[in-house]
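Participant: Questions regarding the structure given below will be posed in turn.
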Amino acid sequence: EMATPLVGGRIERVYAAVGDFVQRGAVLAVISSPQLAQLHGKMHEARTRLELAERNFSRVQRSENRVAVLQSKARLDEAEATLRRTKKLIDLGAGAGKDLVAAESSYRTAKADYDFQSNISLNKEIQEARAEVETSRVDVRHIEDEMRSLGVPVVSGAPDDHREDTSLVSVRAPLSGVITERKFNAGAGVEAAVPIFSISNLSTVYVIANVPEANVGRLRVGSVAEIRSEAAGSINGRIGY
């Protein structure tokens, strides 16, 4: 199995050498990548736009719409008062029916306007502000997903930490095993998708052996085989093929 960076850059630090046993997920090296620095900048800009959009949306809800609602409520109160006064005059015999019709019409118009202004979802400015929030939120989510796909841990909604080098990304072990090859040292430049380490799981190994032609007929798949090595000693196995 190969440990491969998903972005190109310069190897800043190396933590593993050939022969080391590493656990899955262990940091093997750290790469400084200009691509990641640019992505961090884009994420900061997108989060800033989202924050401004949310503030504007809140402002529109609190201020502009409130003014419109108050104005329409004042007109409704006035129309309602006129309607009550007209009805009272008619009851006293001092008013005309046409005045009542006009007062009722004015009241219905004022009531409809108040209902419209009270319904925030119908307010154009509110709709535009809400759309800007949703667009900004999608932009942030896309950038965060892109960074996660490159191996960068990103927490949604977390504040940006400008104290750390945003160009750094870790190369981690894809499985537990022994480092059998290290192709680059610290300071080397690497490209994306170029393997840096080879890792082998030595719990199961295969030995390819040369056998004298005279003994080939004695070999059977599944037969016990003893492998002797100065480094590993004597190991028992079976013939696989």
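Residue numbers for the sequence shown follow the numbering used here, so the first one is 3 and each next one is one higher.
Here a beta-carbon is modelled for each residue, glycine too, at the ideal position from N, C-alpha and C.
1) Closer than 8 Å is the cut-off here; do at least three beta carbon pairs connect the segment 52 to 63 with the segment 130 to 142?
2) Just verifying my parser: in three-state terms, what is the DSSP assignment at residue 201?
3) Taking 8 Å as the threshold (C-beta atoms), are residue 71 and residue 34 in contact?
4) Less than 7 Å between C-beta atoms, sequence neighbours within five positions excluded: which residues of the same chain meet that for residue 75?
5) Indicate the three-state DSSP secondary structure (helix, strand or coil) for residue 219 in the structure shown.
6) Measure the alpha-carbon distance for residue 174 versus residue 7 and round it to whole angstroms.
7) For the segment 8 to 20 and the segment 172 to 191, state whether three or more C-beta atom pairs, one from each stretch, are separated by less than 8 Å.
8) Can you check which of these residues, 232, 224, 231, is closest to residue 240 by C-alpha distance?
9) Please list, in chain order, all residues of the same chain as residue 12 whose beta carbon is under 6 Å from its beta carbon, the five residues on each side excluded.
10) Under the three-state reduction of DSSP, which class applies to residue 171: helix, strand or coil?
11) Is the segment 133 to 151 touching the segment 31 to 49 in the sense that three or more CB pairs, one from each, lie closer than 8 Å?
12) What separation, rounded to the nearest whole angstrom, lies between the Cα atoms of residue 321 and residue 52?
13) In angstroms, rounded to a whole number, what distance separates the CA positions of residue 218 and residue 210?
Facilitator: The short version:
1) yes
2) Position 199 of the sequence shown, counted from the first residue, corresponds to residue 201. It is a strand residue.
3) Here the question's residue 34 lines up with position 32 in the sequence shown. Here the question's residue 71 lines up with position 69 in the sequence shown. It is not a contact, given that the beta carbons lie outside the stated cut-off.
4) Here residue 75 refers to the residue found at position 73 when the sequence shown is read from its first residue. For residue 75, where only same-chain residues beyond five positions count, the Cβ hits under 7 Å are 116.
5) As a position in the sequence shown, residue 219 is number 217, starting the count at 1. Helix.
6) One-based indexing of the sequence shown puts residue 174 at position 172. One-based indexing of the sequence shown puts residue 7 at position 5. Distance between the alpha carbons of residue 174 and residue 7 is about 9 Å.
7) yes
8) Against the sequence shown, residue 240 aligns to sequence position 238. The option with the nearest alpha carbon to residue 240 is 224.
9) To locate residue 12, count along the sequence shown from 1; it is residue 10. The answer, listed in chain order, is 34, 191.
10) Numbered from its first residue, the sequence shown carries residue 171 at position 169. Of the three classes helix, strand and coil, the one that applies to residue 171 here is strand, per DSSP.
11) yes
12) Given a span of 3 to 243 for the chain in the structure shown, any question on residue 321 remains unanswerable.
13) Against the sequence shown, residue 218 aligns to sequence position 216. Against the sequence shown, residue 210 aligns to sequence position 208. Distance between the alpha carbons of residue 218 and residue 210 is about 14 Å.
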